[in-house]
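Q:
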Amino acid sequence: MIRVGFMGFGQTGREAVFPFFGSKRVDLCWVMKHSDELRGLYASSFHHLDYDKAPIFSECDWSEEFLIQNPVDVVVDFSNSSNVCKYDLLARHGIRIVSAVSKYSDEEVALLQQLSTQTAIIWSPNITLGINILLMASRFIQAATPEADIQILESHFKDKKEISGTAQRIADTLGVDHDNIHSIRAGGILGEHEIIFGYPYQTIRLSHDTISRRAFGRGALSCCRWIYKKKTGLFNMSDMLVEDMRDWLNGLEIA
């Protein structure tokens, strides 16, 4: 079993933790929350499970002694970039890191690169499997048909003001100007992204909808299983998916 610690238990983290309870390969050992309001409770109780699992700690518990008493192989981070200050301690203990933090500063990215010489880190601002598969598929379509006109449509809940970070990442990946991103804000949409490839006489559309924040947990769970096999290095989900695809293709050749 892969022992996992979980940082961040806000609106997203609370839902993202759920898939870990049903895993047969991963043991969720503890959850770390910024404040101490839930300290002493169990994360499992927030999903009406009939057992106590994953005790909740607060930042005041964080120390090297804590890691010694509560050992884990991987830490998943659903908090924010300020938690990067804790990564040095994780790296020194050889604990792998799965970061779902939406954005780091240039200095923080440099720190990730430095720490990746001591441990393995995978960082994915949108850690759903679906959106990363969509990114890979869109790169293939663009490579096959570079003449396509590309537009990106992103839809989110009505109170979200800024352009989706995922939409910006799609645009940057495809070398598309951010002016080609179009936004819709309505109701409680969690996140919908569509890439439109326009050609004379035809159109290709790729889309991904997030219907539950638990999708982020499923992606993080896959990352835990993958990064556990790595010793050092800084990776993203594309690295994981490409390696898995290569293994699958090799299996076809052997068969």
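The numbering used here puts the first residue of the sequence shown at 627, with every later residue one more than the last. Just so it is clear, CB atoms sit at the ideal spot from N, CA and C, and this is done for glycine as well. Quick caveat, the model's predicted, so the values are computed rather than measured.
With 16 as the cutoff for other CB atoms within 10 Å, does residue 871 come out buried or exposed?
A: Residue mapping note: residue 871 aligns to position 245 of the sequence shown, counting from 1. Classification of residue 871: exposed, given that the 10 Å Cβ count is below 16.
Q: Thinking residue 818 and residue 781 are a contact (beta carbons under 8 angstroms), I'd like their distance in whole angstroms, please.
A: Translated into the one-based positions of the sequence shown, residue 818 becomes position 192. Translated into the one-based positions of the sequence shown, residue 781 becomes position 155. That belief holds up - the Cβ atoms of residue 818 and residue 781 are roughly 4 angstroms apart, short of 8 angstroms.
Q: Can you give, in chain order, each stretch of the alpha helix (DSSP H) that sits fully within the stretch 761 to 840 and has at least 4 residues?
A: For the stretch 761 to 840, whole alpha helix (DSSP H) runs of length 4 or above, ordered along the chain, are 791 to 800.
Q: Going by the CB atoms, is the gap between residue 680 and residue 702 shorter than 8 angstroms?
A: On the sequence shown, residue 702 is found 76 positions in, with the first residue counted as 1. On the sequence shown, residue 680 is found 54 positions in, with the first residue counted as 1. No, the Cβ-Cβ distance between residue 702 and residue 680 is not below 8 angstroms.
Q: Here's the rule I'm using: 16 or more other beta-carbon atoms within 10 Å means buried, otherwise exposed. How should residue 874 be labelled?
A: Numbered from its first residue, the sequence shown carries residue 874 at position 248. Exposed: under 16 other Cβ atoms inside 10 Å.
Q: Nearest to residue 654 by CA position, among 661, 666, 663 and 633, is which residue?
A: Here residue 654 refers to the residue found at position 28 of the sequence shown. It is 633 whose Cα lies nearest to the Cα of residue 654.
Q: Ignoring anything shorter than 4 residues or poking outside the stretch 713 to 761, list the alpha helix (DSSP H) runs there in chain order.
A: Whole alpha helix (DSSP H) segments, 4+ residues: 713 to 718 and 732 to 741.
Q: Which one of 696, 731 and 869 has the shortest CA to CA distance from residue 711?
A: Residue numbering aside, residue 711 sits at position 85 when the sequence shown is read from its first letter. That would be 731, whose Cα lies nearest to the Cα of residue 711.
Q: Tell me the rounded alpha-carbon separation between residue 693 and residue 831.
A: The residue you call residue 693 lines up with position 67 of the sequence shown. The residue you call residue 831 lines up with position 205 of the sequence shown. Taking the straight line joining both Cα atoms gives about 47 angstroms.
Q: Would you check if the distance between the CB atom of residue 776 and the CB atom of residue 737 is smaller than 8 angstroms?
A: The residue given as residue 776 occupies position 150 in the sequence shown. The residue given as residue 737 occupies position 111 in the sequence shown. No, the Cβ-Cβ distance between residue 776 and residue 737 is not below 8 angstroms.
Q: Opposite residue 656 in the DSSP bridges: which residues?
A: Here the question's residue 656 lines up with position 30 in the sequence shown. In the DSSP output, where bridge partners are listed per residue, residue 656 has 631.
Q: Does residue 702 come out as helix, strand or coil in the three-state DSSP assignment?
A: In the sequence shown, counting from the first residue as 1, residue 702 sits at position 76. Strand at residue 702.
Q: Throw me the rounded Cβ distance for the residue 840 and residue 642 pair, which I believe falls under 8 angstroms.
A: As a first step, residue 840 is located in the sequence shown; it is residue number 214 there, counting from the start. As a first step, residue 642 is located in the sequence shown; it is residue number 16 there, counting from the start. So it is a contact: roughly 7 angstroms between Cβ atoms.
Q: Between which residues of its own chain and residue 581 is the CB-CB distance below 7 angstroms, once the five residues before and five after are set aside?
A: No statement about residue 581 is possible, as the shown extent of the chain runs from 627 to 881 and does not include it.
Q: Using DSSP with H/G/I as helix, E/B as strand and the rest coil, what is residue 636?
A: Counted from its first residue, the sequence shown places residue 636 at position 10. The answer is coil: DSSP assigns residue 636 none of H, G, I, E or B.
Q: Can you give me the Cβ contacts of residue 795 inside the same chain, cut-off strictly under 8 angstroms, excluding the 5 residues immediately before and after it?
A: Locating residue 795 in the sequence shown gives position 169, counting from the first residue. These residues qualify, in order along the chain: 751, 752 and 761.
Q: Does the Cβ-Cβ distance between residue 698 and residue 724 come in under 8 angstroms?
A: The residue given as residue 698 occupies position 72 in the sequence shown. The residue given as residue 724 occupies position 98 in the sequence shown. No.
Q: From the DSSP output, in three-state form, read off residue 875 for me.
A: The sequence position of residue 875 within the sequence shown is 249, counting from 1. It is helical.
Q: Pick helix, strand or coil for residue 697, following the three-state DSSP scheme.
A: Here residue 697 refers to the residue found at position 71 of the sequence shown. Looking at residue 697 - three-state DSSP - the assignment turns out to be coil, as it is neither helix nor strand.
Q: Alpha carbon to alpha carbon, how far is residue 824 from residue 635? Give it in angstroms, no decimals.
A: Locating residue 635 in the sequence shown gives position 9, counting from the first residue. Locating residue 824 in the sequence shown gives position 198, counting from the first residue. If you take the alpha carbons of residue 635 and residue 824, they lie about 41 angstroms apart.
Q: Just to confirm my understanding: we take residue 673, look at its own chain, exclude 5 residues before and 5 after, and list those with CB closer than 6 angstroms. What are they?
A: Counted from its first residue, the sequence shown places residue 673 at position 47. If we look at residue 673 and ignore the five residues flanking it on each side, its Cβ neighbours are 644.
Q: Note down the Cα distance separating residue 826 from residue 763, rounded to an integer number of angstroms.
A: Residue numbering aside, residue 826 sits at position 200 when the sequence shown is read from its first letter. Residue numbering aside, residue 763 sits at position 137 when the sequence shown is read from its first letter. Those two C-alpha atoms are separated by around 21 angstroms.
Q: According to DSSP, is residue 670 part of a helix, a strand, or is it coil?
A: Mapped onto the sequence shown, residue 670 falls at position 44. Reduced to three states, the DSSP call for residue 670 is helix.
Q: Identify, in the order they occur along the chain, each residue of the same chain with its Cβ nearer than 6 angstroms to the Cβ of residue 861, setting aside the five sequence neighbours on each side.
A: Walking along the sequence shown from the start, residue 861 turns up at place 235. If we look at residue 861 and ignore the five residues flanking it on each side, its Cβ neighbours are 748.
Q: Report the rounded CA-to-CA distance for residue 820 versus residue 778, giving the unit in angstroms.
A: Taking the first residue of the sequence shown as position 1, residue 820 is located at position 194. Taking the first residue of the sequence shown as position 1, residue 778 is located at position 152. Near 6 angstroms, if we compare the C-alpha coordinates of residue 778 and residue 820.
Q: Out of 754, 759, 877 and 828, point me to the one whose CA is closest to residue 773's CA.
A: As a first step, residue 773 must be located in the sequence shown, where it is residue number 147. Closest by alpha carbon: 828.
Q: So the candidates are 792, 851, 667 and 859; which of them puts its Cα closest to the Cα of residue 649?
A: The residue you call residue 649 lines up with position 23 of the sequence shown. Ranking 792, 851, 667 and 859 by Cα distance to residue 649 puts 851 first.
Q: Rounded to whole angstroms, what's the CA-CA distance from residue 803 to residue 707? Just pull it up for me.
A: What you label residue 803 is simply residue 177 of the sequence shown in a count that begins at 1. What you label residue 707 is simply residue 81 of the sequence shown in a count that begins at 1. Taking the straight line joining both Cα atoms gives about 26 angstroms.
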